[in-house]
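If you count by the numbering used here, then the sequence shown holds residues 6 to 280, one letter each, in order.
Idealized CB from N, CA, C, for every residue including glycine.
Just so you know, these numbers come straight off a predicted model, no measurement behind them.
Single-structure report; data block below.
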Amino acid sequence: PAPTAQETFEQPYHDYLQAPLQPLQDNLESQTYETFEKDPVKYVQYEEAIHRCLQDKLAAGKKQLVAMVVGAGRGPLVVAVRSAAVRAGADVKIWAVEKNPNAVVTLRHRCVVEDWRNVEVIEKDMRFWDAPRKADLIVSELLGSFADNELSPECLDGAQRFLEPDGACIPSKYTSFLTPVTTHKLWNDVKNYNDLAHFETAYVVKFHQAFYPTSQIEKCFEFSHPNWELTSNDRYAQIEFTSEVDALVHGFAGYFHCELYAGLSVSINPESYSE
Numbered sequence: 006p007a008p009t010a011q012e013t014f015e016q017p018y019h020d021y022l023q024a025p026l027q028p029l030q031d032n033l034e035s036q037t038y039e040t041f042e043k044d045p046v047k048y049v050q051y052e053e054a055i056h057r058c059l060q061d062k063l064a065a066g067k068k069q070l071v072a073m074v075v076g077a078g079r080g081p082l083v084v085a086v087r088s089a090a091v092r093a094g095a096d097v098k099i100w101a102v103e104k105n106p107n108a109v110v111t112l113r114h115r116c117v118v119e120d121w122r123n124v125e126v127i128e129k130d131m132r133f134w135d136a137p138r139k140a141d142l143i144v145s146e147l148l149g150s151f152a153d154n155e156l157s158p159e160c161l162d163g164a165q166r167f168l169e170p171d172g173a174c175i176p177s178k179y180t181s182f183l184t185p186v187t188t189h190k191l192w193n194d195v196k197n198y199n200d201l202a203h204f205e206t207a208y209v210v211k212f213h214q215a216f217y218p219t220s221q222i223e224k225c226f227e228f229s230h231p232n233w234e235l236t237s238n239d240r241y242a243q244i245e246f247t248s249e250v251d252a253l254v255h256g257f258a259g260y261f262h263c264e265l266y267a268g269l270s271v272s273i274n275p276e277s278y279s280e
């Protein structure tokens, strides 16, 4: 059969080392945002999670709600909040907080062109902005491919001071997972750099010609939000695997499972992959 649009899009990335994004340090390009926004599952799940949360807030007697979208990018989560609010019949004020000046231009343009009357664009770092009031909901999509590798826990811990005591975070929890992998091509690609730093770098990879010597996929790190106690985000894990065949292990494949709200999730863990 002919490849799907998704398979065609992914083909150039098969067994290709991609340097991990650092959106806190760097301002992402528009093309990078466009790649994110092609996700066929994530934003559907986010909208449903936000819808359930808004319904719960209305059922609890809340009237005028405030949602804070932190790391708003070009606005896909703003659209999700607006759509969920319409479905829930909720009056929601939205703060779209984004530090990237390039993305802010797009957000402000969409406010005008798409008539986002309930949206205020805030060109600030979420960790340092002083919100005029506390929010009922903080929504973010700061996860990297290994969940916490783009500093999501640190950023959300900084933003939660503007969350109501009964407020919710979407996502509410995320867990990273590891499994050993054999991949001669990728190991040689890293080796060709001739330094230790590249062997100690986590890469984003779409595995294609890879072999997994065990079926075990084990939990590594877990983070929950809101983190009212401001528990340290330092983590250490010791994990044991039992190989089912003789194989040379070149590294580890990392995945995450992210719980959004009320049982809804997004996941790249093969055991719970979002379809």
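Neighbourhood of ILE175 by C-beta distance below 8 Å, restricted to the same chain and skipping five residues each side: TYR51, ALA54, ILE55, CYS58, LEU142, ILE143, VAL144, SER145, LEU265 and TYR266
Using a threshold of 9 Å, state whether the C-beta atoms of ALA242 and CYS225 are closer than that. yes
Let me check one thing: in DSSP terms, what residues is GLY84 bridge-paired to? Reading off the sequence, residue 84 comes out as Val, not Gly. The partner list for VAL84 (beta bridge, DSSP) is empty, contrary to what the question assumes.
Report all residues from its chain with a CB closer than 6 Å to the CB of ASN232; omit the five preceding and five following residues, and keep chain order. ASP162
Sheet register partners of SER272 (DSSP bridge): HIS262
For PHE257, collect the residues of the same chain with a Cβ closer than 8 Å to its Cβ; drop the 5 residues on either side in sequence, then sort them by chain order. LEU183, THR184, PRO185 and VAL186
Tell me, to the nearest whole angstrom, how far the beta carbon of LEU63 is from that of VAL74; I am working on the premise that it is less than 8 Å. So it is not a contact: roughly 19 Å between Cβ atoms.
Does the stretch 108-115 come close enough to the stretch 123-130 to have 3 or more Cβ pairs within less than 8 Å? yes
When we look at the beta-carbon of LEU269 and count the other beta-carbons within 10 Å, is it buried (16 or more) or exposed? buried
For TYR179: DSSP bridge partner residues: PHE228 and CYS263
Would you please state the rounded distance, in angstroms, between the beta carbons of ASP20 and HIS213? I believe it to be under 8 Å. 5 Å
Any chance you could list the alpha helix (DSSP H) runs of at least 4 consecutive residues sitting entirely within the stretch 154-215, in chain order? 157-164, 189-196 and 201-204
Below 8 Å on the Cβ atoms is my contact criterion, and I expect THR219 with THR247 to pass it. Report the Cβ-Cβ distance as a whole number of Å. 6 Å
Considering only the alpha carbon of each residue, which of LYS178, TYR217, ALA136 and HIS255 lies closest to TRP192? HIS255
Tell me which residue opens and which closes the beta strand (DSSP E) that GLN69 is part of. 69-75
Would you call THR9 buried or exposed, if buried means 16 or more other Cβ atoms sit within 10 Å of its Cβ? exposed
By Cβ distance, which residues of its chain are closer than 8 Å to ALA101, with the 5 residues on each side in sequence left out? VAL74, ALA77, GLY80, VAL83, LEU112, VAL124, GLU125, VAL126 and ILE127
Looking only at C-alpha atoms, which of LYS178, PHE167, TYR198 and LYS47 sits nearest to ASP135? PHE167
Please classify TYR198 as buried or exposed, where buried requires at least 16 neighbouring CB atoms within 10 angstroms. exposed
Please report the straight-line C-alpha distance between GLU119 and LEU201, rounded to a whole angstrom. 49 Å
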